[in-house]
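Mapping of the sequence shown onto our numbering: position 100 corresponds to residue 101, and the numbering continues sequentially without gaps. Idealized CB from N, CA, C, for every residue including glycine. Data block below; observations after.
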Amino acid sequence: STLSSCINKNWREQICKWAYDVVDHFDLNREVVSIAMSHLDRYLGIYTGTVDKNLFQLLSMTCLYLSIKLNEHEHLLIQGSISSMETILHLSNGFFKLEEMEKMERELLHTLQWRVHPPTGQVYVNQFLKYLSVDHHQELQDLASYTMELAVMDYFFVSYKSSDIAIAALLNSID
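What follows is the structure in structure tokens.
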């Protein structure tokens, strides 16, 4: 997938950092960001229309919302909101309406053909570590997770399979 000319790699990185800030604030699993960015990148790889910054921001927020909705058991609720979607919308300072995000969610699901459970690098690392007899298991897992989070933020790695990134992150952690 390629980013349109008005959406640059730095903007994608900023959105990714924002998503990590959100999940950290709400004490959620950071893996939901990896899933959200997979949704974002796959959607942009298929979408043939023009993507301006507003659409990119709405899409990014919707991808994060969908990832949280499907992978977390707790709802994101802040004072004054009655749903996780309203909370995410509140984080945009009211820039988008509920109807816009609902429509984007439907379009995202349709475009991705409901393939919303991509394999993540963390899943692969966990599986690989089961078969390795190594000391400092948790330390290796933490280092590999950190490396994979850096890869999620970097547009360079969008075209690589999560299994390849996981192996590289794990080997780097062992080294």
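Indicate the three-state DSSP secondary structure (helix, strand or coil) for D155 in the structure shown.
coil
What is the DSSP secondary structure of Q139, counted as helix, strand or coil?
helix
Quick check on the burial criterion: 16 or more other C-beta atoms within 10 angstroms. Buried or exposed for E181?
Any question about residue 181 goes unanswered here, given that the chain covers just 2 to 176.
Do L65 and A20 count as a contact pair if the criterion is CB distance below 7 Å?
In contact: A20 and L65 (Cβ atoms closer than 7 Å).
According to DSSP, is K162 part of a helix, a strand, or is it coil?
Secondary structure at K162: coil, using DSSP grouped into helix, strand and coil.
Could you give the distance in angstroms between the alpha-carbon of S6 and the alpha-carbon of T51?
Only weak support is given to the placement of S6: the predicted model assigns it a pLDDT of 48, under 50, and the value that follows is read from those uncertain coordinates. So the alpha carbons of these two residues sit roughly 10 Å apart.
Would you grab the beta carbon distance between H40 and L113 for me? Rounded to a whole angstrom, and I think it's under 8 Å.
6 Å
Check whether the region 92-101 touches the region 126-135, counting contact only when three or more Cβ pairs, one atom from each stretch, lie closer than 8 Å.
No: fewer than three Cβ pairs fall under 8 Å.
H26: first and last residue of the uninterrupted alpha helix (DSSP H) it sits in
Element bounds for H26: K10 to H26.
Exposed or buried, L141, counting other C-beta atoms within 10 Å across all chains shown (16 or more means buried)?
buried
For the alpha helix (DSSP H) that N72 lies in, which residues bound it at each end?
K54 to N72
I think L71 touches V117, with their Cβ atoms under 8 Å apart; what is that distance to the nearest whole Å?
For L71 against V117, the beta-carbon gap comes to about 6 Å, under 8 Å, which counts as contact.
For the alpha helix (DSSP H) containing E75, name the first residue and the last one.
Premise fails: E75 is in no alpha helix (DSSP H) and is neither H nor E.
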